[in-house]
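Start counting the sequence shown at 50; every next residue gets the next number (the working numbering).
Beta carbons are placed, not taken as given, at the ideal position from N, Cα and C, and that holds for glycine.
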Amino acid sequence: MLPIVPPCTRSLILGTMLCLSVIPCGCNSLTKKVDNPVMVPPPRRVSLNDERANAADKALAEGSLKLKQAATSDIVQTSGEETILAQNDDAVFGAQVVARVNGAPIFASEVLERYGEVLAQAREKLPPDKFNLLRENIIAQNLRAHVERQLIVERMRADMKPDQLKQLDGYLEAAFEKEMVKLKEQLKVQTKPELEYELNKRGTCLEDVRQSFQNNRIAMEYLAVKAGKPEPINRKDLVEYYESHPEEFRLESRVKWKQIQCSFLKNDQEQARVKMKSALEELANGESFEDVARKYSDGVTAKEGGHWDWTQKGSLSDKKLEEILFTAKVGELSDVTIIGRAYQVVFVEERESAGMRPFAEVQQEIHKKIEPTRFPNPRKILDAMLASAVIETDYPLGLDTAKAGANNATK
Numbered sequence: 050m051l052p053i054v055p056p057c058t059r060s061l062i063l064g065t066m067l068c069l070s071v072i073p074c075g076c077n078s079l080t081k082k083v084d085n086p087v088m089v090p091p092p093r094r095v096s097l098n099d100e101r102a103n104a105a106d107k108a109l110a111e112g113s114l115k116l117k118q119a120a121t122s123d124i125v126q127t128s129g130e131e132t133i134l135a136q137n138d139d140a141v142f143g144a145q146v147v148a149r150v151n152g153a154p155i156f157a158s159e160v161l162e163r164y165g166e167v168l169a170q171a172r173e174k175l176p177p178d179k180f181n182l183l184r185e186n187i188i189a190q191n192l193r194a195h196v197e198r199q200l201i202v203e204r205m206r207a208d209m210k211p212d213q214l215k216q217l218d219g220y221l222e223a224a225f226e227k228e229m230v231k232l233k234e235q236l237k238v239q240t241k242p243e244l245e246y247e248l249n250k251r252g253t254c255l256e257d258v259r260q261s262f263q264n265n266r267i268a269m270e271y272l273a274v275k276a277g278k279p280e281p282i283n284r285k286d287l288v289e290y291y292e293s294h295p296e297e298f299r300l301e302s303r304v305k306w307k308q309i310q311c312s313f314l315k316n317d318q319e320q321a322r323v324k325m326k327s328a329l330e331e332l333a334n335g336e337s338f339e340d341v342a343r344k345y346s347d348g349v350t351a352k353e354g355g356h357w358d359w360t361q362k363g364s365l366s367d368k369k370l371e372e373i374l375f376t377a378k379v380g381e382l383s384d385v386t387i388i389g390r391a392y393q394v395v396f397v398e399e400r401e402s403a404g405m406r407p408f409a410e411v412q413q414e415i416h417k418k419i420e421p422t423r424f425p426n427p428r429k430i431l432d433a434m435l436a437s438a439v440i441e442t443d444y445p446l447g448l449d450t451a452k453a454g455a456n457n458a459t460k
């Protein structure tokens, strides 16, 4: 029985698996052999300076654009004989080995299968040389994902006993049966032959989808097992993070306050002054600040009784008002001040000096920050597998040149 993947581990695995997304791998599976698959001499070992791949990069942009914006002059009319030749070319090219991973071949058809519809349109609209470059570029862009997936499948199956392999195959078959139900719903079909037909129209087949689904499921489960449980986080870890990241928990001086504001335009200052005088008289007579603010203030918080939440020093554009807030006595009404075009009076409820948020207040927050880093990184697991593998290919995989050279030297 394969393990249940913990939620935190699954999030990391899913991130890594973006590079191993479900890609139909062609009717030649990762382990399937053919009588004479190599139509050209075996590819050379890892090369990061492949001129052909560089040329393909340019062709991708041109080719993709022409798929959508091809002019009538770009469309190549083909005869029946030319169509047959094109099909033969696809078969020959698809049978070529584009990489060997520990001796096991990866065929061009495996990498290109997902792009069957795109390539069919491209062949109609692009000249042969640009079509070939587009096809090469697709392989260059996607080959590493196939290499990584093959490494994982190979490693997991090699580590398992025969009875475990039988159990794994049964689990994968049952999982794919459920996946087929979803596929039928998505493609709006009822039977397996109908599903096969719809997949064929999209340039793939049910066996391709099955192989791709099962290999991706193996890859995810393998990485989950290797990732394992996170290392425990203790108080010492929390304190070390708190002390080494002071900028995350620093508090600026802040103040909580209330305001009564009576604004005036150019010719009605006297009216505003009278309103403020009435407000002060009612406050002196024991009326609550909140009631007086709702009655006389026209500030933005008047409906809330003039209340402002915590305001950090430096956050106000009006520096005169900010100075009053951070110098007035806490718990006392300030003097009336004209700020801009308004009479203002404030009441400072609380004030805190600059400092650090208390550790007790932030330790749960720190725990959440640290936890994801305690899981072994699936990307590192894949990189280690690549570093120890013997890979032969003409296509750049983005591997470290020194490592690639070391791999090649082992052959």
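Residue i classed as buried or exposed, judged by whether at least 16 other C-beta atoms fall within 10 angstroms
i: residue 394; result: buried
i: residue 140; result: exposed
i: residue 219; result: exposed
i: residue 239; result: exposed
i: residue 98; result: Residue placement at residue 98 is flagged as unreliable, the pLDDT there being 38, under the threshold of 50; a coordinate-derived value is accordingly withheld.
i: residue 386; result: exposed
i: residue 369; result: exposed
i: residue 406; result: exposed
i: residue 320; result: exposed
i: residue 214; result: exposed
i: residue 162; result: buried
i: residue 307; result: buried
i: residue 159; result: buried
Where residue i falls: helix, strand or coil (DSSP)
i: residue 392; result: strand
i: residue 336; result: coil
i: residue 439; result: coil
i: residue 421; result: helix
i: residue 177; result: helix
i: residue 153; result: strand
i: residue 148; result: strand
i: residue 3; result: Residue 3 lies beyond the range of the chain shown here (50 to 460); nothing can be said about it.
Residue from the options with nearest C-alpha to residue i
i: residue 396; options: 332, 154, 151, 174; result: 332
i: residue 250; options: 441, 164, 221; result: 164
i: residue 226; options: 262, 191, 211, 209; result: 262
i: residue 235; options: 209, 248, 161; result: 248
i: residue 197; options: 409, 366, 154, 173; result: 154
i: residue 304; options: 281, 243, 357; result: 357
i: residue 398; options: 432, 355, 414, 392; result: 355
i: residue 375; options: 223, 349, 329, 302; result: 302
i: residue 280; options: 441, 421, 433; result: 421
i: residue 413; options: 257, 233, 288; result: 288
i: residue 271; options: 212, 145, 437, 204; result: 204
i: residue 294; options: 328, 256, 177, 419; result: 419
i: residue 441; options: 143, 147, 142; result: 147
i: residue 282; options: 408, 187, 416; result: 416
For residue j and residue i, believed in contact at Cβ under 8 angstroms, the rounded distance
i: residue 313; j: residue 390; result: 6 angstroms
i: residue 446; j: residue 192; result: 6 angstroms
i: residue 411; j: residue 298; result: 6 angstroms
i: residue 345; j: residue 324; result: 5 angstroms
Just list the beta strand (DSSP E) runs in the stretch 264–323, keeping only unbroken ones of 3 residues or longer that don't cross its boundaries, in chain order. Taking only runs of at least 3 residues, the beta strand (DSSP E) segments lying wholly in the stretch 264–323 are 303–312.
Which runs of the beta strand (DSSP E) at least 3 residues long sit entirely within the stretch 348–410? Give them in chain order. 356–361, 391–401
Enumerate, from N- to C-terminal direction, the unbroken alpha helix (DSSP H) stretches of 4 or more residues contained entirely within the stretch 227–253. 241–250
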